[in-house]
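In terms of the numbering used here, the sequence shown opens at residue 1 and continues consecutively.
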Amino acid sequence: MILPMKNETLYGEDDGLLIPDVGPWTEDKFDLIRNYCQIFSSAMKNKWTRVYVDLYAGSGLCRIKGRDQVLLGSPLIALSVDAPFDRYVFCESDPDRFSALKARVERSYAKHAPLLIPGKFEEHIDEICSMIPGKSLALCFVDPFDCDFDIDNLKTISKCARGVDFLCLLALQMDAKRNEQHYLKPDSKIDKMIGNTTWRIRWNNRLDIHEDFSKFLATEFSQSMSEVGYLETPLHQMKEFKTHDKNVPLYYIAMFSKHQKAFDLWKGALSSSSPQRELFD
């Protein structure tokens, strides 16, 4: 059973600290993240020690470009759920954004005592894993600007606990598809994101020469996650985000879990999020 939504926290106010500009579709993205965090944390309350990990946490607030609308970023959204997680881990590599996030957390969310890690999360894998108890259930949000991350790091984090679910932004339309010819060359960053180099062989041997490059890579990423026990997430269970003005595809948000229950919760989050959502077939 999907629990009803209660927390509607999505918007913030200018507090004088750094607030980066974002595209209007970010409102839809954070609405979905809010829904899933709310449903996930409530459903698992009193059943597990729950840990929320944000690998690209940002500054905590952002502003929709061209509007005065201020949004809570993913870390503050996770801190605001009705049934707070038992532990929080936030990583941010940009010093200015980290400073703003730290100030906001200390000002309004100090009671949750989140671990704040400055720098690239890849350099702090051991520290991150040390904060995830072996018998816990963790939700890890992976929200990079492009395709420049190593899936092996996610696989390492996945082994820390009884269960680690991932919400991954796959910037395949806004990065990989626009740079297809570059990434088809050997030793591109797509190799680390997918976790192998044999994907090029499968791409070159595809039956449908008109197959979309970004969709192909999304499927490859899902198959790579399945190598460490994750259920494969098909394309129709990934949420595609597009620009509001020209309807141009930007990226997918995909949920990865080893348990079917998480997909039921994910379906509930999709059904109660913004109008841009695409429900399961």
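The beta carbon of each residue, even a glycine, is placed where N, CA and C say it ideally should be.
All figures in this text were calculated on a predicted structure; none of them were measured in a lab.
The residue among Y11, L18, M44 with its C-alpha nearest the C-alpha of A262 is M44. The three-state secondary structure of Y36, taken from DSSP, is helix. From the listed residues L154, K135, L55, S273, the smallest Cα separation to S224 is found for L154. Excluding residues up to 5 positions away in sequence, D165, F166, C168, M225, Y230, T233 lie with their Cβ nearer than 7 angstroms to the Cβ of F256 in the same chain. In this structure, L72 is the residue among F141, W48, L72, H124 with its C-alpha nearest to the C-alpha of A100. When DSSP reads this structure, V105 sits in no beta bridge, so it has no partner. Here I151 is near G195, since their CB atoms are less than 7 angstroms apart.
Between S273 and D31, the CB-CB gap stays under 7 angstroms. Taking the Cα of D126 as reference, the smallest distance to any Cα among E106, C160, H210, G23 is reached at C160.
P75 sits in a helix when the DSSP states are folded into three classes. F145 is classed as exposed because its beta carbon has fewer than 16 other beta carbons within 10 Å across all chains shown.
For S41 against F85, the beta-carbon gap comes to about 6 angstroms, under 8 angstroms, which counts as contact.
Positions of the alpha helix (DSSP H) runs, each at least 4 residues long and wholly inside the segment 176-259, are given as 180-183, 189-194, 199-204, 213-226 in order along the chain. DSSP, read as helix, strand or coil, puts P95 in helix.
Selection D94, N35, R63, I19 evaluated against R104 yields I19 as nearest (Cα-Cα). The beta-bridge partner set that DSSP reports for L154 is empty.
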